[in-house]
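Residue numbering for the sequence shown follows the working numbering, starting at 24 and increasing by one per position.
Beta carbons: idealized from backbone N, C-alpha and C, even for Gly.
Report on the structure given below.
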Amino acid sequence: MNAVLKLLLEGEPLDAAQLAQILALPQAEVDAQFAAIKEAGIFLGWRAVLNPDFEEDKNVRALIEVKVRPQGGFGYDQIAERISQFEQVETCYLLSGAFDLLVIVKDANLRKVASFVHDRLAKIEGVQSTATCFMLRAYKEQGYIIGNGGYDPDKPTVSP
24 MNAVLKLLLE GEPLDAAQLA QILALPQAEV DAQFAAIKEA GIFLGWRAVL NPDFEEDKNV
84 RALIEVKVRP QGGFGYDQIA ERISQFEQVE TCYLLSGAFD LLVIVKDANL RKVASFVHDR
144 LAKIEGVQST ATCFMLRAYK EQGYIIGNGG YDPDKPTVSP
């Protein structure tokens, strides 16, 4: 794997001296501000945004809509926190609408995602139903447009 890409994937942060240089601030001020946002729980970590078409691991990602029965005194939090502990879960949101939680999972293949949903997620007490949508292609990821925007004869044409 490319060394720069590996470093980005491992979440290599800018150090205080680099941030101070970029912001034209004294390093002590950067240290203080960075410590404050970490302590307040605002800054959680570093993450690179990659084009999914070029990921070497070629994992499958899926959106799972989950309907739950809120737990007395805890509401949705207890179930959402339990779901969030699974290593396959990248993201878990509480939503309004037709379902309660949106869970984004990643695993090696379709079968493993389906097995996770059937064997683990759906069996959690309080989970009433799930609906899984596999992600087929990304057009925009975390604010970044993906792809060349040109015609690809290997992909189906979609009517406007």
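Cβ distance (whole Å) where residue i is taken to contact residue j below 8 Å
| i | j | result |
| --- | --- | --- |
| residue 136 | residue 130 | 5 Å |
| residue 153 | residue 159 | The pair is not a contact, with the Cβ atoms about 19 Å apart (cut-off 8 Å). |
| residue 126 | residue 84 | Contact flag wrong, Cβ pair sits at about 11 Å. |
CB of residue i within 9 Å of CB of residue j, strictly
| i | j | result |
| --- | --- | --- |
| residue 140 | residue 87 | yes |
| residue 82 | residue 161 | no |
| residue 72 | residue 170 | no |
| residue 40 | residue 50 | yes |
| residue 43 | residue 52 | yes |
| residue 133 | residue 157 | yes |
For residue i, the nearest candidate out of the options (CA to CA)
| i | options | result |
| --- | --- | --- |
| residue 148 | 163, 64 and 95 | 95 |
| residue 66 | 58, 72 and 73 | 58 |
| residue 146 | 166, 92 and 134 | 92 |
| residue 36 | 68, 113 and 54 | 68 |
| residue 99 | 112, 63, 123 and 110 | 123 |
| residue 114 | 38, 89 and 63 | 89 |
| residue 116 | 151, 103 and 48 | 103 |
| residue 198 | 38, 108 and 155 | In the structure as shown, the chain begins at 24 and stops at 183. Residue 198 is therefore absent and cannot be evaluated. |
| residue 150 | 38, 101 and 119 | 101 |
### Query
Taking the runs of the alpha helix (DSSP H) that are 4 residues or longer, which of them lie wholly in the region 70-108?
Entirely contained in the region 70-108, the alpha helix (DSSP H) runs reaching 4 residues are, in chain order, 100-107.
#### Entry: Segments of 3+ residues assigned as beta strand (DSSP E) that fall wholly inside the region 112-140
Runs of the beta strand (DSSP E) lying entirely within the region 112-140 and spanning at least 3 residues, in chain order: 112-117 and 124-130.
### Task
At 4 residues or longer, and completely inside the region 39-70: list those alpha helix (DSSP H) runs for me, N to C.
You should have 39-46 and 50-62.
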